[in-house]
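Per this note's numbering, the sequence shown starts with residue 1, numbered consecutively.
Here a beta-carbon is modelled for each residue, glycine too, at the ideal position from N, C-alpha and C.
Just so it is clear, the structure is predicted and the values come from calculations on it, not from any experiment.
Single-structure report; data block below.
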Amino acid sequence: QLQLKSALARLGAQKAEYLPQGGFSISATRSGLDSVITRESSGTLGLDWQLDLFGRVTALVDAANASAMGQAEQIRLLQIEIVSGVVKGYINYQGNIQNQQVISKQITALKQSIEVLEARVEEGVASELDLNRTKAQLSQQQALLPDVIYAQYSNLATIALLTGKLTKEISLSETQGLFDTPIEVAIADANNAIALRPDINQALLNFSQAYSLSVSASKALLPNISLSGFAGVLGLDNTRLVDTQQQWQVSPQIEWSLLSYPALLAQRDAQAFLSEAAYSEYQQVVLEAINESELSLQFLVKQSDMQKFAQQRYKYANNAFLQAEVMYQEGQIPYLELLDARQDVLVAEKNNIDSAISSLIAKVSTYQAFNGSWSQKLATDEP
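This is how it looks when you write it as structure tokens:
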């Protein structure tokens, strides 16, 4: 915002070049030579007006205007990054909370199984192998907790950074049903959502600025026509501007830097190359925006399909675990098969949560790619 204000101030300074420049001065002089004392006073208004007959000042104003508008687009870019980053951080935080709950639930179940197995080993009904395999799986699940807790802190740190706060100042409550929402993306006007993207507008404004500077460099080859003059009063033998005489002068000037022509030609060519480079960069930004939007849609479709498969996997793995529990209680399968079924349902449940997180992130990424309309509305709604 401050850089935008600075650019707008520079634009105002550049527009002031259309007007005459100058100032007002008042002076009084008292001097002596031997016994002769001389007094003199004067008041003068001096003006210098550079006539923009060939459009050089206009080109510089256009360049300053493009620079200011480019700073406004930079603000939109930052707003998009902040909004998208906060939403993604929130989704990841809620997903890591669910992962922690799943792991904690499995740890509780494994601890209960270990208590039962220890009693059965003492009775000689179960083997040490079953007990050790269960303890190993318990340690495996316990080792996952620090990573999940650190991931939650990392998510909070990301949100804190984007919102200008300390991590300890961020407090988020658990949101129920966040990952049960179907993945739907509604883009009202996809063409404008791409065409109005701030990165495209900024690249176009950068080209406009470079082109205007190129025009200004070309106009520098032409004569510089200006009008200067002054009007004032001169008071002799007094220092108080009394008994004054009026004086004025008008001086039209034509200045043509013919001896500097080689340097001016080189500057014109250099700015022309920069203008071409800015146009090539604009084309590249447009191409990247189109590719990003297409990839975001493909990623959204991919994650939506993967979420469906992950849900089915969890459903079947959970059914298999329930069947394994019944079969184990009836003595049809050994305990290790029940343990494997529990491991399968744990992996499937975590995969289902991770898939739901990725699907929501894909949704946010799609809106982030098609950001032209909503980012413009966000900037317009700013106070």
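Could you spell out the range, first to last residue, of the alpha helix (DSSP H) harbouring residue i?
i	result
Trp49	From DSSP, Trp49 is part of no alpha helix (DSSP H) but of the beta strand (DSSP E) over Val36 to Gln50.
Ser251	Segment Thr244 to Glu255 is the beta strand (DSSP E) holding Ser251; no alpha helix (DSSP H) there.
Ala263	Tyr261 to Gln329
Gly85	Arg56 to Glu123
Ile361	Tyr335 to Ala369
Val185	It is not in any alpha helix (DSSP H) - Val185 carries neither H nor E in the DSSP assignment.
Asn238	First-last for Asn238: undefined, no H or E at that position.
Gln3	Leu2 to Lys15
Ser375	Gly372 to Thr380
Arg133	Glu128 to Thr163
Using the C-alpha atoms, what's the distance from residue j back to residue i?
i	j	result
Leu378	Leu227	48 Å
Asp199	Asp62	20 Å
Leu110	Leu297	41 Å
Asn201	Ser375	12 Å
Lys315	Leu144	23 Å
Ser373	Ile290	15 Å
Ser41	Asp34	21 Å
Asp52	Gln249	22 Å
Asp243	Gly229	23 Å
Ser171	Gln267	56 Å
Ala59	Ala7	16 Å
Thr181	Leu77	28 Å
Gly124	Gln142	28 Å
Thr239	Ser251	28 Å
Gln253	Gly55	17 Å
Val215	Ala272	8 Å
Glu17	Trp49	9 Å
Val57	Val364	45 Å
Ala270	Ile91	49 Å
Ser139	Pro146	12 Å
Thr167	Gln332	53 Å
Glu294	Glu288	10 Å
Thr163	Ile82	8 Å
Gln14	Gly32	46 Å
Thr158	Glu349	26 Å
Glu169	Leu205	39 Å
Tyr93	Gln106	20 Å
Glu325	Asn352	22 Å
Glu292	Phe299	10 Å
Asn224	Leu265	16 Å
Exposed or buried, what is residue i when buried is set at 16 or more other beta-carbons lying within 10 Å of its beta-carbon?
i	result
Pro383	Note on Pro383: pLDDT 43, under 50, position unreliable in the model; the coordinate value appears next. Classification for Pro383: exposed.
Ser260	exposed
Lys422	Because the chain here runs from 1 to 383, residue 422 falls outside it and cannot be looked at.
Gln1	exposed
Val184	Per the sequence shown, residue 184 should be read as Glu rather than Val. Glu184 comes out exposed.
Lys308	exposed
Ala66	buried
Gly12	exposed
Lys5	exposed
Ile97	buried
Lys302	exposed
Phe207	buried
Ile26	exposed
Ala136	exposed
Ala190	exposed
Asn155	buried
Ala263	exposed
Val285	buried
Leu129	exposed
Ile361	buried
Leu338	buried
Ser173	exposed
DSSP beta-bridge partners for residue i?
i	result
Ala231	Leu45 and Trp248
Ser216	Bridge partners of Ser216: none, in fact.
Ile225	Ile254
Can you name the start and end residues of the beta strand (DSSP E) that residue i belongs to?
i	result
Arg30	Gln21 to Leu33
If we define contact as Cβ-Cβ less than 8 Å, is residue i a contact residue for chain C?
i	result
Leu259	The chain inventory of the structure shown lacks chain C, comprising one protein chain alone.
Item to complete: Evaluate contact between the stretch 361-373 and the stretch 86-99, counting only Cβ atoms and requiring at least three cross-stretch pairs below 8 Å.
Response: By the C-beta criterion, the stretch 361-373 is judged to be in contact with the stretch 86-99, since at least 3 inter-stretch pairs fall below 8 Å.
Worksheet item: Would you say the stretch 100-117 touches the stretch 43-51, given that touching needs at least three Cβ pairs under 8 Å?
Response: No, the stretch 100-117 is not in contact with the stretch 43-51.
Worksheet item: Is the number of C-beta pairs between the stretch 141-156 and the stretch 69-81 that are closer than 8 Å three or more?
Response: Contact fails: fewer than three Cβ-Cβ distances are below 8 Å.
Item to complete: Take every Cβ of the stretch 206-224, pair it with every Cβ of the stretch 17-35, and state whether three or more of those distances are shorter than 8 Å.
Response: As far as the Cβ criterion goes, the stretch 206-224 does not touch the stretch 17-35, which means the pair count is below three.
Fill in: Three-pair Cβ contact test at 8 Å for the stretch 113-132 versus the stretch 346-361
Touching, no.
Practice prompt. Determine, using beta-carbon pairs with one atom in the stretch 341-352 and one in the stretch 315-330, whether at least three such pairs fall under 8 Å.
Written response: With the rule of 3 Cβ pairs closer than 8 Å, the stretch 341-352 counts as touching the stretch 315-330.
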